[in-house]
Every structure is written in structure tokens, then in C-alpha cells.
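My numbering applies: residue 701 is where the sequence shown begins, and numbers increase by one.
Backbone N, C-alpha and C define an ideal beta-carbon position, used for all residues, glycine too.
Here the structure comes first, spelled out in C-alpha cells, and everything after it is commentary.
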Amino acid sequence: MVRFTAIIGHENVTTNGSKHTAYILEVQIDNLFYIVRHRYHEFKDLHDTLVKEGYKCNAVPPKKLIGSFNPDFILKREKELSAWLLQVCESPASSSEALKSFLLEYKEPRMVLPPTDVTVNQVPRPPPAVPTNVAVAAPPSDTATDEELEKEIEDEIALYNTPKTSIDDFELLKVIGKGSYGKVTLVRKKDNSKLFAMKTLNKSNVKRRNQVEHTRTERRVLGFGKHPYIVHLHYAFQTKQKLYFVIDYCPGGELFFHLSRMERFPEPMAMVYAAEITLALDHLHSLGVVYRDLKPENILFDAVGHVLLADFGLAKEGITEGAEGTNSMCGTPEYLPPEILDRVGHGTSVDWWALGTLFACHSSSDEPVQAWSCTKC
């Protein structure tokens, strides 16, 4: 069965010196997902073909001759074309061979990268790099005053090694996530129109919840843990009350969302995702960082379906051994290994346990906590 799910993004493509926009469609065939690229005029051609075949179709959103590359317009056009195509797929025209050809033309597996001559409307991630001069701060004293904590937040978190920016450099588009930590907003950098996700943290909330050290660690790992499969921090700044982390925007959503639709991944898809997560974890471990919070909610996808690890609040630096280095009791219960539950000390190997549990769970009908016998939970 072929099913169109949504338009998940777009690419600004230059061909022979001529610039145009290609919209990225997600198409499901049985339990597998693919992406298909189409330009605006191909939607119009599909409409005309369906009308000629006798189907009643609403008109395609009108073409815009001026300002067609304006980011606001393109995002609006994505929604309009997606709604139009969903309507077509739910109408009698869904049986048309022209529609099926449109959805299957030049399809690619959901995880492939775009061709090298395609400019993706997304910030490119640099190749992996091992930091040579990252300063690791000492943990805050239990008796630190509010003023000392404020200074630690300012010096260690907000101002470390990013270009000078402020909230005025960004256009706030919409809130895309909320939690106890604060909120995440989709933003556009005004000088280059690139999209980012802006994580906003309230300083008083960070201090009240004793999250200064966790926030500091997340800030450092986001900044120096550069890797194609790890969310990267591009800018960090502050106001008197708030901290701002500007990171990669991940329009593909969370692994948790996709699992809620599919329940289990087919083995070929699971193998690709597992390989990408493995590369990300191996890179973190090479930097002396243990992740400790691998779960579907923290695995995001970029515009073309590649994995990006996010949320490093539970990460621990300075861990170079697989079985020892720290004794903290932390993580998500369903993915905790025996050594954390037994409090005998742990190292980087806990990330491999979580990875195995994650994919063992979602290639079977068991929940993670049911996948092994735990008598001490």
C-alpha cells in the first residue's frame, strides 16, 4: 500500500544557474518510508492530469512570481501543498495511476542524504572534530551563593566560545516544544534566513532544580561534540533572567513519534538507525563523555531522516573506561543497566546497554522493562 504522509521539508536547488525549490514528500509503502522530491510545477501538472482523467480536485495553491524564495512563503507553501495532496489522496482520485506515479517517482529510502549539488535549507554540520583546548570547570560548591551560581552560569554556560549574538538577531516563529526545563522555539537567523531551534532556560529555574552542573555539561558537550549525528550548538547567549541555546533544527521529529506510528522498525531501517547512533555514541566516548540518556524521545531526525542525538543534561565528562568512572543513579528507568541499578559504578558501556535495549524492544512486542528480568526495580 502506498500512502502519502506529509511534506517534511524543502531544498533550494540550483540547476544550470537557475534556482528553484524542491519539496520533500514522505511516502509510506507498507512498513517502509521513502522521500520523494517535487517542484511546484509538478504538483500543478498532477492536478491538470487528474482533471483530464475526470476527477474533481481543488486547485493547487496559486503560483507566486515575486518573493517565491522568501522563507516564510516557502513554509506556508509546504503546508498548503501538503494539505492539498492529502485531500487528493483521500478522494476518488487516490486510485489514479498518475497519483501513484507522482508518489513513487524517484523515491529514495528515508535516510539518504541529498545529492551534493543540492542546497538544503538547513545548517550543514561540520565533520567530527576532537577538541584540543576545552576547559572543564569544577563542579559548583554545595554552599555557593546565588551570586556565585549566577556568575558560573554566565561565565561557564552562556558566553563560552560562540559568536556574539542576542535575541534580537533572531525571528521567533513558533514554539515547538515545552517542558520542565523551559521551551524550544523555531527561529530564523535574520542575517541569513537559516532555521534553528532555540532552547530557552530560566536561570532561577536552573538553580532551584539544582541543574547548574547538568546545564553546564550540556552546554559544553553541545559546543565541542561536533558530529554529523549529534545536535550541535551554534550560538549561546543570555539575558538577566534567561539562557538561550541555539541548536540544529530537526524537522523530522522524535524517534518516539515515529515508533508510535510504526510500533516496530523493519530490520533494514533499524540497522541504519542503530549504525548512526553507534557512530554518535562512539564519538562521545572518544571525547570522554558518557551519554546516559539514550531513549526514543532524545533521538531526533533531520530533514532527510538522519539521526541526531539531543539532550545532554545527564551526560558525564571525564569517563574513559567502559565499566567504571562514575556512580550516579540517573537515566530513564526502562533503559537502565544492572550496574546503575546495583550502584556498583559504571562507565561508557551503559550507553551500549541502552542501545541494545532500545532496538531489542522495538524489533519485538516487549517493552524495555519486560525484555529482561529485573528484580530490583
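Between the Cα of residue i and those of the options, spot the shortest distance and give me the residue it belongs to.
i, options, result
"residue 1015", "1038, 782, 963 and 984", "984"
"residue 910", "893, 948 and 881", "881"
"residue 939", "956, 898, 950 and 902", "902"
"residue 928", "912, 975 and 969", "975"
Return the chain-ordered list of same chain residues with a C-beta closer than 6 Å to the C-beta of residue i, the five sequence neighbours on each side being excluded.
i, result
"residue 875", "883 and 885"
"residue 746", "802"
"residue 934", "946"
"residue 914", "1013"
Compare the C-beta of residue i against all C-beta atoms of chain B and say whether one is closer than 7 Å.
i, result
"residue 925", "Although the question refers to chain B, the structure presented lacks it and comprises just one protein chain."
Helix or strand or just coil, what does DSSP make of residue i?
i, result
"residue 924", "helix"
"residue 713", "strand"
"residue 1026", "strand"
"residue 1057", "helix"
"residue 989", "strand"
"residue 702", "strand"
"residue 1078", "Because the chain is modelled from 701 through 1077, residue 1078 falls outside the range shown and cannot be assessed."
"residue 793", "helix"
"residue 1016", "strand"
"residue 897", "strand"
"residue 866", "coil"
"residue 746", "helix"
Per DSSP, residue i forms a beta bridge with which residues?
i, result
"residue 879", "882"
"residue 737", "724"
"residue 938", "943"
"residue 902", "942"
"residue 718", "715"
"residue 1046", "1026"
Could you check the C-alpha separation between residue i and residue j for me, to the nearest Å?
i, j, result
"residue 718", "residue 921", "40 Å"
"residue 1043", "residue 1028", "8 Å"
"residue 1012", "residue 865", "23 Å"
"residue 734", "residue 1049", "33 Å"
"residue 710", "residue 778", "8 Å"
"residue 713", "residue 797", "28 Å"
"residue 1005", "residue 724", "11 Å"
"residue 1047", "residue 1017", "11 Å"
"residue 936", "residue 890", "16 Å"
"residue 853", "residue 923", "Low confidence applies to residue 853: its pLDDT is 47, below 50, so where it sits in the model is not reliable enough to give any reading."
Take residue i and list the residues in its own chain whose beta-carbon comes closer than 8 Å to its own, dropping the five residues that flank it on each side.
i, result
"residue 994", "977, 981, 1009, 1035, 1051, 1054, 1055 and 1058"
"residue 742", "802"
Leaving out five residues before and five after residue i in sequence, what residues of the same chain have Cβ atoms less than 7 Å from its Cβ?
i, result
"residue 749", "798"
"residue 793", "750, 755, 757 and 799"
"residue 760", "743, 744, 747 and 784"
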